[in-house]
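Right, one structure below, let's go through it.
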Amino acid sequence: MSGGGTIRAAFRGRLGRFELDAAFTVPATGVTALFGPSGCGKTTVLRCMAGLQRLPGGVCTVDGDPWQEGDRFRPAHERPVGYVFQEPSLFPHLSVRGNLLFGARSRPPAAGPGRIGFAEVVELLGLAGLLDRAPGRLSGGERQRVAIGRALLSQPKLLLMDEPLSALDRATKDEILPFLERLHAGLSLPVLYVSHDMAEVERLADHLVLMEEGRVRAAGPLARLQTDPSLPLLAAANAAVSLDAVVEGHDAAYGLARLRVEGAVLALPARPGVPGERRRLSVAAGAVGLALAPPEGDTALNVLPARILSAVPVTEQEVVAVLGLGPDGAGARLLARVTRLSWERLGLAEGMALYARIGGVS
Amino acid sequence: MQGLPAEVWTAVRLTVELAAITTVILLLLGTPLAWWLARSRARWKEAVGAVVALPLVLPPTVLGFYLLVALGPGGPGGLLAGLWGARTLAFSFEGLVIGSVVYSMPFVVQPIRNAFEAMGDRPLEVAATLRASPARAFWTVAVPLARPGFLTGAVLGFAHTIGEFGVVLMIGGNIPGETKVLSVAIYDYVETMQWREANILAAGMVAFAFAVILAMTLIGRRAARVDE
Chain A
1 MSGGGTIRAA FRGRLGRFEL DAAFTVPATG VTALFGPSGC GKTTVLRCMA GLQRLPGGVC
61 TVDGDPWQEG DRFRPAHERP VGYVFQEPSL FPHLSVRGNL LFGARSRPPA AGPGRIGFAE
121 VVELLGLAGL LDRAPGRLSG GERQRVAIGR ALLSQPKLLL MDEPLSALDR ATKDEILPFL
181 ERLHAGLSLP VLYVSHDMAE VERLADHLVL MEEGRVRAAG PLARLQTDPS LPLLAAANAA
241 VSLDAVVEGH DAAYGLARLR VEGAVLALPA RPGVPGERRR LSVAAGAVGL ALAPPEGDTA
301 LNVLPARILS AVPVTEQEVV AVLGLGPDGA GARLLARVTR LSWERLGLAE GMALYARIGG
361 VS
Chain B
363 MQGLPAEVWT AVRLTVELAA ITTVILLLLG TPLAWWLARS RARWKEAVGA VVALPLVLPP
423 TVLGFYLLVA LGPGGPGGLL AGLWGARTLA FSFEGLVIGS VVYSMPFVVQ PIRNAFEAMG
483 DRPLEVAATL RASPARAFWT VAVPLARPGF LTGAVLGFAH TIGEFGVVLM IGGNIPGETK
543 VLSVAIYDYV ETMQWREANI LAAGMVAFAF AVILAMTLIG RRAARVDE
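Quick note, the sequences are listed as chains A and B, same order.
For the first sequence, the numbering used here assigns the number 1 to the initial residue and increments by one for each residue that follows.
For the second sequence, the numbering used here assigns the number 363 to the initial residue and increments by one for each residue that follows.
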């Protein structure tokens with residue numbers, strides 16, 4: 001059986017205004033974001049993968065296991081998925097504990113090889129104080145956390161999340177995002193995460209499937225798609241690049257962490273970490289400036305040698321440059337949004353070596 | 363003050379028995395029917411729904427007439443009665459149960475169907491993604507969520523059977539201890555000018571009806587609170 005280690009999906013069908021014709025293959029590890037504007041077919045793809053909706057002729061293979069192929073269609077309840085809906089959809093007649101254990105057939109599962117334990121989930125999602133409450137007495141964020149825990153405890157081989165944060169307000173989102181990041185860091189479960197909010201994608205995703213009007217525009221590692229000049233992501237006003245950094249050390253006197261990314265080390269005000277710990281960074285295109293020589297008397301801590309790999313005029317007035325870190329440009333990619341005036345005044349061009357001045361990292 | 367004659371208590375017992383048996387049968391038959399009406403995408407399901415609802419509109423005499431034909435010696439009821447050597451199901455308690463089931467069907471099916479429809483697809487989808495088979499999803503999710511609908515249906519089915527008159531008169535007649543239920547007894551007392559007995563029974567029915575409607579309202583209010 002081919003396709004081990006990957007998730008393959010291909011679905012076609014009529015979908016309201018347009019045709020759905022989406023096909024992608026992504027690794028069966030880490031978080032893959034299905035990103036696109038509302039109504040582009042992301043949710044339909046996810047529902048088809050869960051078996052909640054059936055499009056004839058569709059294909060869904062997870063880690064070599066065909067869930068749908070040809071005439072074969074495994075019904076939803078026989079697929080090892082966890083599904084988190086946009087609304088928490090807790091069972092109102094069961095307590096939080098009852099909800100969590102519904103998929104576990106009421107036996108609190110112990111952690112084991114490849115199994116997610118009850119205590120582990122309660123700890124991960126901060127549910128200890130809520131177990132005996134009724135869902136009606138929880139806040140929106142608490143409900144969604146219970147829904148995530150419930151999905152995890154059904155021991156899925158694939159977690160499908162359909163905009164789990166979009167029904168929540170800003171403050172509640174910020175309350176849940178750290179839980180999702182911990183989930184990402186602590187579990188080896190592959191996740192397909194539907195979102196139309198790039199900020200969530202930047203924080204959580206490793207891979208990206210970019211959807212547009214029922215079609216897959218591109219699929220691949222997040223940072224590669226973010227810096228692909230042929231895709232619209234880098235032209236967005238809030239374009240950014242996500243970097244996976246490793247903690248190298250900490251300057252306790254000034255509270256700065258040294259974080260290694262491919263081709264450079266960044267000094268950032270951040271909580272101290274254990275060397276080797278992984279951190280997700282996001283560098284906005286608007287926060288990166290370009291200089292021909294390292295500027296003197298500058299407050300910026302991170303001025304790094306880089307090379308211009310390509311440049312795209314995004315508006316009448318502005319250019320976005322794709323940079324490769326390091327003198328040879330072989331390191332991690334960054335985006336820099338500069339005015340056309342500066343671009344021409346400095347005589348910048350593709351292939352040039354220069355310095356990237358990083359103003360802000362989140 | 364003299365007590366009520368024993369035949370009144372016979373009628374009360376008979377009425378309650380009839381209503382209880384009818385309600386149980388209606389819950390057993392009505393639940394799958396309501397489930398199908400709520401979830402099926404078949405085009406002709408509304409036709410079935412209309413047939414179930416017919417007793418709401420038809421005069422009880424019309425219903426009673428057809429039931430009489432069906433239960434009589436020439437109908438399927440007669441064939442069924444032949445199994446234990448009787449000639450007909452008409453004018454028997456069994457016949458009355460069958461008639462009541464048909465007559466009260468919409469009062470049980472409709473609230474349960476509404477409850478199944480109101481919960482939508484989502485809880486069942488959630489159950490499916492948690493590996494619950496359709497049967498387990500039905501028993502552990504759909505039925506508990508539709509509980510107010512079941513309560514309403516059971517109370518209405520029970521109460522409506524108690525208040526049944528026209529159909530009983532057509533297919534049951536007036537046999538004490540067999541088919542003479544409360545509503546018929548009241549009619550009898552009036553016919554024979556026993557106003558005191560008629561009055562007591564009628565007042566009892568009014569109190570019962572009041573209690574039923576109050577109970578229904580409270581069930582509805584509680585269900586709304588649970589949903590919050």
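Ideal Cβ placement from N, Cα and C applies to all residues, glycine included.
Cβ-based neighbour list, residue i, same chain, cut-off 8 Å, excluding 5 preceding and 5 following
{"i": "Pro538/B", "result": "Glu369, Thr372 and Ala373"}
{"i": "Gly582/B", "result": "Pro510 and Thr514"}
{"i": "Leu458/B", "result": "Leu380, Val530, Ile533, Gly534, Thr541 and Val543"}
{"i": "Met363/B", "result": "Unreliable positioning characterises Met363/B in this predicted model, as indicated by a pLDDT of 40, which lies under 50. A coordinate reading is not provided."}
{"i": "His250/A", "result": "Leu256, Ala257, Arg258, Pro272 and Gly273"}
{"i": "Leu366/B", "result": "Glu559 and Ile562"}
{"i": "Glu590/B", "result": "Since pLDDT at Glu590/B reaches only 46, below the 50 mark, its modelled position is unreliable, and no value is offered."}
{"i": "Tyr355/A", "result": "Leu290, Ala291, Leu292, Ala293, Pro294, Pro295, Val303, Leu304, Pro305 and Ala306"}
{"i": "Val352/A", "result": "Note that residue 352/A is Met in the sequence shown, not Val. So the list reads Arg307 and Ile308, once near-sequence residues are dropped."}
{"i": "Pro363/A", "result": "Here chain A comprises residues numbered 1 to 362, so residue 363/A is not present and cannot be evaluated."}
{"i": "Leu34/A", "result": "Lys42, Val45, Leu46, Leu192, Tyr193, Val194, Ser195, Val209 and Met211"}
Cβ neighbours of residue i in the same chain (closer than 7 Å, five flanking residues each side left out)
{"i": "Ile474/B", "result": "Gly392, Thr393, Ala396, Ala508, Gly511, Phe512 and Gly515"}
{"i": "Leu268/A", "result": "Leu256, Ala257, Leu259 and Val361"}
{"i": "Pro435/B", "result": "Arg449 and Thr450"}
{"i": "Met1/A", "result": "Unreliable positioning characterises Met1/A in this predicted model, as indicated by a pLDDT of 41, which lies under 50. A coordinate reading is not provided."}
{"i": "Thr299/A", "result": "none"}
{"i": "Arg47/A", "result": "Gln53"}
{"i": "Glu213/A", "result": "Phe18 and Cys40"}
{"i": "Leu388/B", "result": "Val463, Ser466, Met467, Val470 and Gly519"}
{"i": "Ala577/B", "result": "Val517"}
{"i": "Gly103/A", "result": "Arg150, Leu153 and Ser154"}
{"i": "Glu526/B", "result": "Ser462, Tyr465 and Ser545"}
{"i": "Leu418/B", "result": "Pro468"}
Residue i and residue j closer than 8 Å at C-beta
{"i": "Leu233/A", "j": "Leu243/A", "result": "no"}
{"i": "Val209/A", "j": "Val59/A", "result": "no"}
{"i": "Arg333/A", "j": "Gly326/A", "result": "no"}
{"i": "Ala564/B", "j": "Ile548/B", "result": "yes"}
{"i": "Val216/A", "j": "Ala23/A", "result": "yes"}
{"i": "Thr32/A", "j": "Leu192/A", "result": "yes"}
{"i": "Arg484/B", "j": "Ser89/A", "result": "yes"}
{"i": "Thr423/B", "j": "Thr523/B", "result": "no"}
{"i": "Phe179/A", "j": "Leu124/A", "result": "yes"}
{"i": "Ala594/B", "j": "His77/A", "result": "The requested residue 594/B does not occur in the structure, where chain B is confined to residues 363 to 590."}
{"i": "Pro135/A", "j": "Pro92/A", "result": "yes"}
{"i": "Pro190/A", "j": "Ala9/A", "result": "no"}
{"i": "Leu399/B", "j": "Gly411/B", "result": "yes"}
{"i": "Val121/A", "j": "Ala128/A", "result": "no"}
{"i": "Val96/A", "j": "Leu55/A", "result": "no"}
Cross-strand partners of residue i (DSSP beta bridge)
{"i": "Cys60/A", "result": "Ala9/A and Gln68/A"}
{"i": "Glu379/B", "result": "DSSP, once it has assigned bridges, lists no residue as partnering Glu379/B."}
{"i": "Asp251/A", "result": "Leu256/A"}
{"i": "Phe24/A", "result": "Ala9/A"}
{"i": "Ala33/A", "result": "Tyr193/A and Leu208/A"}
{"i": "Gly324/A", "result": "Arg307/A and Arg333/A"}
{"i": "Glu19/A", "result": "Arg14/A"}
{"i": "Leu268/A", "result": "Ala257/A"}
{"i": "Val529/B", "result": "None; Val529/B has no bridge partner."}
{"i": "Ala50/A", "result": "Note: Ala50/A sits in no beta bridge, so no partner."}
{"i": "Phe73/A", "result": "Gln68/A"}
{"i": "Val283/A", "result": "Val241/A and Val361/A"}
Inter-residue CB distance, residue i and residue j (contact presumed, cutoff 8 Å)
{"i": "Gln317/A", "j": "Arg340/A", "result": "6 Å"}
{"i": "Glu87/A", "j": "Ala167/A", "result": "6 Å"}
{"i": "Gly30/A", "j": "Asp206/A", "result": "4 Å"}
{"i": "Leu348/A", "j": "Ala239/A", "result": "Incorrect: roughly 18 Å between the Cβ atoms, too far for contact."}
{"i": "Arg203/A", "j": "Arg280/A", "result": "6 Å"}
Same chain only: Cβ atoms within 6 Å of residue i, ignoring 5 sequence neighbours per side
{"i": "Ala235/A", "result": "Val314"}
{"i": "Phe85/A", "result": "Asp162"}
Using Cβ-Cβ distances below 9 Å, what residues of the stretch 145-168 of chain A are close to chain B?
Within the stretch 145-168 of chain A, the residues whose Cβ lies closer than 9 Å to some Cβ of chain B are Ala147, Arg150, Ala151, Leu153, Ser154, Gln155, Pro156 and Leu160, listed in chain order.
Interface residues of the stretch 487-517 of chain B facing chain A [CB-CB below 7 Å]
Glu487, Val488, Ala490, Thr491, Leu492, Arg493, Ala494, Ser495, Val503, Pro506 and Leu507
Closer than 8 Å, Cβ to any Cβ of chain A: which residues of the stretch 462-490 of chain B, in chain order?
Of all residues in the stretch 462-490 of chain B, Arg484, Pro485, Glu487, Val488, Ala489 and Ala490 have a Cβ within less than 8 Å of some Cβ in chain A.
Of the residues that make up the stretch 51-82 of chain A, which ones have a beta carbon closer than 9 Å to any beta carbon in chain B?
Gly51, Leu52, Pro75, Ala76, His77, Glu78, Arg79, Pro80, Val81 and Gly82
Of all the residues that make up the stretch 115-139 of chain A, which are near chain B by a beta-carbon distance shorter than 8 Å?
Gly136
According to a CB-to-CB cut-off of less than 7 Å, which residues of the stretch 89-101 of chain A neighbour chain B?
Ser89, Phe91, Pro92 and His93
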